[in-house]
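See below for the structure under consideration.
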């Protein structure tokens, strides 16, 4: 496949599934700048890996794996290069990007952010209605354990939500 | 608590997000962004030192043929190539081995474990440093020889060696040991300092994933 077709296929798939990157960015980042940078870094990693994407496999599974991986392993220096990184991004891309959250969702996000990285990875996949087999494949823990883990995370999340005054 | 409500709230909160269109996605890909993975940064550090070492080697080789007469120049050139060229080739081999992107062909847990292993290999146990144990003393030694050639005005390398006093040889060894003794640990310290925090974090995250499995076995 030539580069033009590859870009076309990639942009189509990303346009359709970009919600995944938004969800992961929101889950793994507290600040707007961090979310925007993670969005771009994820896009970049996906693009670099795209030539090796096996078309016989589900795109969203592949995308989740890379996006969560990027969010977890992103290098953060004390003196961040975020400013330098963002300065090259045309402003109009970030104009009107609605990263704002309503109060209800804000509390939910706060509770989710209290989870550790592994728990976040599992719960985000569960919230997006992935099967236990999918979650097992993406995260790398056994299928039988996914259910156990999800129940524990739910309890933990409920506790956090109650502490934060989330109204059910 | 009805978790389905939470799920619904979470998912519906993304419906309001503005979406990028295809053109905007393309535009983002064109941006010359600096990838922010630790392995990419390690690779960039290797690259920088490789270029610096290469330039130093070239400069010395030019200096040799400019300052020293044949056949001494050829002997000197051979010494420089062996002393500097071999560690640089080894360094280049390590540089090639570092993966600059995240692992995409395996699960998150496996990928994280591999990244931790790579950082250990190239930073913590010193594959990125070991070559400097050869290169720094070699470059210092060559620099001193060049200094002797320029200082004495004698371009015959063998003659210079034969005329060297014991005191001068001792001085050269002391400088060599001091220079290496300062630069190698400093380089190692700087490299570790830059990546240690990130490495510790990654190990912690990996532990979180591994504890998931550990807890399972405990429950069984």
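Residue numbers (the working numbering), protein chains in the order written: chain A, 38 to 205; chain H, 98 to 317.
Backbone N, C-alpha and C define an ideal beta-carbon position, used for all residues, glycine too.
These figures come from a predicted structure and were not determined experimentally.
When the cut-off is 9 Å and only beta carbons count, does residue i lie next to chain A?
i: residue 287/H; result: no
i: residue 205/H; result: yes
i: residue 241/H; result: no
i: residue 110/H; result: yes
i: residue 283/H; result: no
i: residue 143/H; result: no
i: residue 208/H; result: yes
i: residue 238/H; result: no
i: residue 305/H; result: yes
i: residue 195/H; result: no
Here's a check: name, in chain order, each residue in its chain whose Cβ is nearer than 8 Å to the Cβ of residue i, leaving out the five neighbours to either side.
i: residue 201/H; result: 208
i: residue 110/H; result: none
i: residue 303/H; result: 206, 209, 210 and 213
i: residue 305/H; result: none
i: residue 179/A; result: 173
i: residue 133/A; result: Caution is warranted here: a pLDDT of 41 is assigned to residue 133/A, below 50, making its placement in the model unreliable, and no coordinate value can be reported.
i: residue 135/H; result: 212, 216, 292, 295, 296 and 299
i: residue 117/A; result: Caution applies to residue 117/A, whose pLDDT of 40 falls short of 50 and renders its modelled position unreliable; the model cannot decide the point.
i: residue 145/A; result: 198 and 203
From residue i to residue j, what does the alpha carbon distance come to, in whole angstroms?
i: residue 144/H; j: residue 192/H; result: 7 Å
i: residue 121/H; j: residue 79/A; result: 15 Å
i: residue 112/H; j: residue 210/H; result: 35 Å
i: residue 280/H; j: residue 233/H; result: 8 Å
i: residue 242/H; j: residue 277/H; result: 16 Å
i: residue 294/H; j: residue 264/H; result: 46 Å
i: residue 150/A; j: residue 54/A; result: 22 Å
i: residue 142/A; j: residue 192/A; result: 18 Å
i: residue 247/H; j: residue 185/H; result: 26 Å
i: residue 185/A; j: residue 127/H; result: 43 Å
i: residue 57/A; j: residue 152/H; result: 45 Å
i: residue 194/A; j: residue 84/A; result: 33 Å
i: residue 183/H; j: residue 177/H; result: 10 Å
i: residue 283/H; j: residue 166/H; result: 37 Å
i: residue 168/H; j: residue 187/H; result: 29 Å
i: residue 172/H; j: residue 164/H; result: 13 Å
Tell me the residue span of the alpha helix (DSSP H) that contains residue i.
i: residue 182/A; result: 180-200
i: residue 157/H; result: 135-164
i: residue 56/A; result: 56-65
i: residue 184/H; result: 183-194
i: residue 108/H; result: 100-109
i: residue 146/A; result: 140-150
i: residue 70/A; result: 69-86
i: residue 174/A; result: 169-176
i: residue 215/H; result: 205-216
i: residue 110/A; result: 96-110
i: residue 262/H; result: No alpha helix (DSSP H) contains residue 262/H, which DSSP labels as neither H nor E.
i: residue 116/H; result: Careful: residue 116/H lies outside any alpha helix (DSSP H) and carries neither H nor E.
i: residue 174/H; result: 169-177
i: residue 200/H; result: No alpha helix (DSSP H) holds residue 200/H; DSSP gives it neither H nor E.
i: residue 163/A; result: 154-164
Can you list, in chain order, the residues of its chain whose CB lies under 7 Å from that of residue i, leaving out five sequence neighbours each side?
i: residue 82/A; result: 103 and 107
i: residue 236/H; result: 153 and 181
i: residue 136/A; result: Confidence is the limiting factor: at residue 136/A the pLDDT is only 43, short of 50, which leaves the residue's position unreliable, though a coordinate-based value still follows. 69 and 72, listed in sequence order.
i: residue 160/H; result: 243
Taking 9 Å as the CB-CB limit, is residue i close to chain H?
i: residue 170/A; result: no
i: residue 167/A; result: no
i: residue 80/A; result: yes
i: residue 128/A; result: Reliability fails at residue 128/A, whose pLDDT of 42 lies under 50, so the model's placement of it is uncertain and the value that follows must be treated cautiously. Judged by the 9 Å Cβ criterion, residue 128/A is not in contact with chain H.
i: residue 201/A; result: no
i: residue 193/A; result: no
i: residue 52/A; result: yes
i: residue 102/A; result: yes
i: residue 93/A; result: no
i: residue 40/A; result: no
For residue i, which residues in chain H fall below 7 Å Cβ to Cβ?
i: residue 164/A; result: 104, 107 and 108
What does residue i reach in chain A if we use C-beta pairs closer than 8 Å?
i: residue 123/H; result: 44 and 48
i: residue 188/H; result: Correct list: empty, because the minimum Cβ distance to chain A is about 22 Å.
i: residue 212/H; result: 110
In chain A, what lies closer than 7 Å to residue i by C-beta?
i: residue 340/H; result: The structure shown does not extend to residue 340/H, since chain H is modelled only from 98 through 317, so no value can be given for it.
i: residue 100/H; result: 191
Show which residues of chain H have a CB atom less than 9 Å away from the CB atom of residue i.
i: residue 68/A; result: Under the 9 Å cutoff, chain H gives no residues; its nearest Cβ is about 15 Å from residue 68/A.
i: residue 55/A; result: 114, 116, 117 and 122
i: residue 89/A; result: 201 and 202
i: residue 184/A; result: What residue 184/A touches in chain H: nothing, since even the nearest Cβ is about 10 Å away.
Given that residue i touches chain A, what residues does it touch there, using C-beta distances under 9 Å?
i: residue 302/H; result: 109, 110, 153, 154 and 155
Run through chain H and tell me which residues come within less than 8 Å of residue i, C-beta to C-beta.
i: residue 141/A; result: 106
i: residue 73/A; result: Those within 8 Å of residue 73/A in chain H number zero; the least Cβ separation is about 11 Å.
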